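Residue numbers (the numbering used here): 20 to 513.
This is the structure in structure tokens:
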């Protein structure tokens with residue numbers, strides 16, 4: 020079933036690229052494929068049972084490169100299944116959002132379906148080489164999406180994105196090779212490496228391997244100071260590109276922490292835990308304060324992604340503090356995975372909403388609008404819900420994630436409470452942005468502004484509804500995540 024979920028969008032992309040269809044047929048075909056893929060994920064979720072430690076659900080394996088110990092091996096557990104579901108939902112929302120777009124729809128739909136396949140493939144990969152292939156293909160796909168459908172200095176931003184993240188992937192590959200060389204027999208199989216723990220000490224070799232992996236993942240996440248590619252990439256990317264970049268591709272970095280770095284190099288992770296925590300806290304504070312200084316709404320939301328991913332880095336760093344209580348560390352890790360899902364749907368929705376401003380007014384400047392709630396009440400309403408979800412308002416997914424992260428982190432290391440400042444600043448910047456764009460008298464591009472269309476409402480509404488469901492019924496995801504978080508903390512404690 021996992022292979023069907025992963026490769027259905029890719030096969031559909033090949034068909035769309037080869038068969039000349041009308042723009043309307045292409046748009047609806049893209050929506051149909053996305054809907055079927057999401058239904059397949061829902062079916063897998065309904066059949067999911069938490070696997071035993073060291074195993075994966077829906078496990079599939081085929082020989083691929085046996086001479087080097089690499090195979091086509093896929094499977095899911097509570098760390099990956101929620102991200103698979105979030106990915107399918109974000110891509111479907113992007114398809115619905117694009118129903119009326121007329122700029123080279125066939126090429127865009129094929130490229131987005133390609134990106135959907137490689138994103139899903141990464142989250143189900145149980146082999147390091149397979150993981151790396153999908154990791155790099157996501158960089159290629161996003162490069163062409165930004166360069167081909169972006170605005171402003173799109174070519175420059177796409178190149179910056181590609182160079183930064185590709186260099187990060189090379190560091191990641193060096194780390195993978197280090198794990199392969201240290202294993203006996205040599206293998207790239209993730210469950211085998213987790214069980215064998217080939218670099219079982221915190222010595223210099225293990226430290227270098229972890230450092231290489233962390234560098235690659237810090238660039239992808241991104242973590243300060245490896246984040247400078249992110250704001251221009253978001254600012255110049257098309258709306259669906261920004262939604263996928265923030266909602267899905269950034270999670271490839273944080274997912275790498277919990278799937279690869281933490282369980283395979285537990286003693287080095289323990290030794291580096293305070294360094295990782297420091298990176299997380301700095302990212303939280305830097306992302307929030309720099310976002311507060313922005314006058315470009317899209318760039319502001321881009322910096323909040325640095326802030327929100329900093330919460331995840333903080334939480335996974337806390338997991339390495341073995342002197343702290345196990346329950347606090349498990350709670351922090353559960354919060355980190357929940358935050359990956361929450362940030363995916365909420366920030367994906369916000370980027371689609373901001374994309375409407377560019378569709379209508381060709382401008383993201385906060386001073387370019389005013390009183391927009393009058394002519395566009397639906398737009399004002401969904402932006403408010405997205406903003407409240409992002410800042411962690413109760414009854415929405417951001418609260419569930421951040422409450423667990425901070426309860427667990429402060430319980431394990433009270434000094435991490437300094438990162439709470441990030442929540443206060445985030446609340447202030449979103450309220451300021453809402454006040455400047457949506458309240459007061461009409462000014463700038465607001466006069467005659469067309470409110471959200473039906474496809475736009477459905478796309479953004481589906482993502483925000485997911486945030487609301489997680490906020491009110493958190494057990495839907497927590498029942499899946501918590502057993503895997505418990506296993507992960509046990510592995511890190513070895």
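Where is the CB? At the ideal position from N, CA and C, for every residue including glycine.
Bear in mind that the values here come from a model prediction, so they are computed numbers and not experimental data.
Distances from the CA of residue 102 to each of 79, 88, 57, 29 were compared; the closest alpha carbon is that of 57. By the CB criterion at 8 Å, residue 108 and residue 481 fall inside the cutoff. Per the DSSP secondary-structure output, residue 362 pairs with nothing in a beta bridge. According to DSSP, residue pairing for residue 79 in a beta bridge involves 93. Counted as a single uninterrupted DSSP element, the alpha helix (DSSP H) harbouring residue 214 occupies residues 209-215. Residue 169 is positioned such that its CB atom lies closer than 8 Å to that of residue 260. Taken in chain order, the complete alpha helix (DSSP H) segments of 4 residues or longer contained in the region 82-162 are 100-116, 124-143.
The DSSP assignment places 269-275, 285-311, 316-337 as complete runs of the alpha helix (DSSP H) inside the region 266-342, in order along the chain (cut-off: 4 residues). Contact between residue 239 and residue 184 is confirmed by a C-beta separation of about 6 Å, below the 8 Å threshold. Rounded to the nearest whole angstrom, the C-alpha separation of residue 212 and residue 225 is 14 Å.
Per DSSP, residue 58 is one residue of the alpha helix (DSSP H) stretching across 42-66. A distance below 8 Å separates the beta carbons of residue 116 and residue 474. The C-beta distance from residue 94 to residue 145 rounds to 5 Å, short enough to fall under 8 Å. By the Cβ-count criterion, residue 436 is exposed, with fewer than 16 other Cβ atoms from all chains shown falling within 10 Å of its own Cβ. When secondary structure is reduced to three states using DSSP, residue 441 falls in the helix class. Taking a C-beta distance under 8 Å as the contact criterion, residue 467 and residue 394 qualify as a contact pair. Residue 446 and residue 328 have their C-alpha atoms spaced approximately 16 Å apart. Around the beta-carbon of residue 122, fewer than 16 other beta-carbon atoms lie within 10 Å, marking it exposed. Excluding the 5 residues flanking it on each side, residue 28 has same chain C-beta neighbours closer than 8 Å at 52, 53, 56, 110, 132, 133, 135, 136, 139, in chain order. Distances from the CA of residue 236 to each of 186, 206, 217 were compared; the closest alpha carbon is that of 186. Rounded to whole angstroms, the gap between the alpha carbons of residue 280 and residue 43 is 45 Å.
Between the C-alpha atoms of residue 463 and residue 65 there is a straight-line separation of about 49 Å.
Of 286, 231, 192, 257, the smallest CA-CA separation from residue 166 is found for 257. By the criterion of a C-beta distance shorter than 7 Å, residue 26 is surrounded in its chain by 136, once the five residues flanking it on both sides are discounted. Counting only runs that start and end inside the region 403-447, there is no beta strand (DSSP E) element of at least 3 residues.
DSSP, reduced to helix, strand and coil, places residue 455 within a helical segment of the structure shown. Nearest to residue 242 by alpha-carbon distance, out of 301, 191, 254, 220, is 301.
As DSSP reads the structure, residue 384 sits in a beta bridge with 315. If you look at residue 474, you'll find it in the alpha helix (DSSP H) that goes 473-491. DSSP, read as helix, strand or coil, puts residue 175 in helix. Taking a cut-off of 8 Å for Cβ pairs, the region 68-87 and the region 152-163 do not touch, as fewer than three such pairs fall below it. Going by DSSP, residue 494 is part of the alpha helix (DSSP H) stretching over 494-511. Within 10 angstroms of the beta-carbon of residue 503 lie 16 or more other beta-carbons, which makes it buried. Measuring C-alpha to C-alpha distances from residue 215 to each of 234, 465, 350, 198 identifies 198 as the nearest.
In this chain, the alpha helix (DSSP H) harbouring residue 32 covers 21-37.
Just so you know, the alpha carbons of residue 401 and residue 430 end up roughly 35 Å apart.
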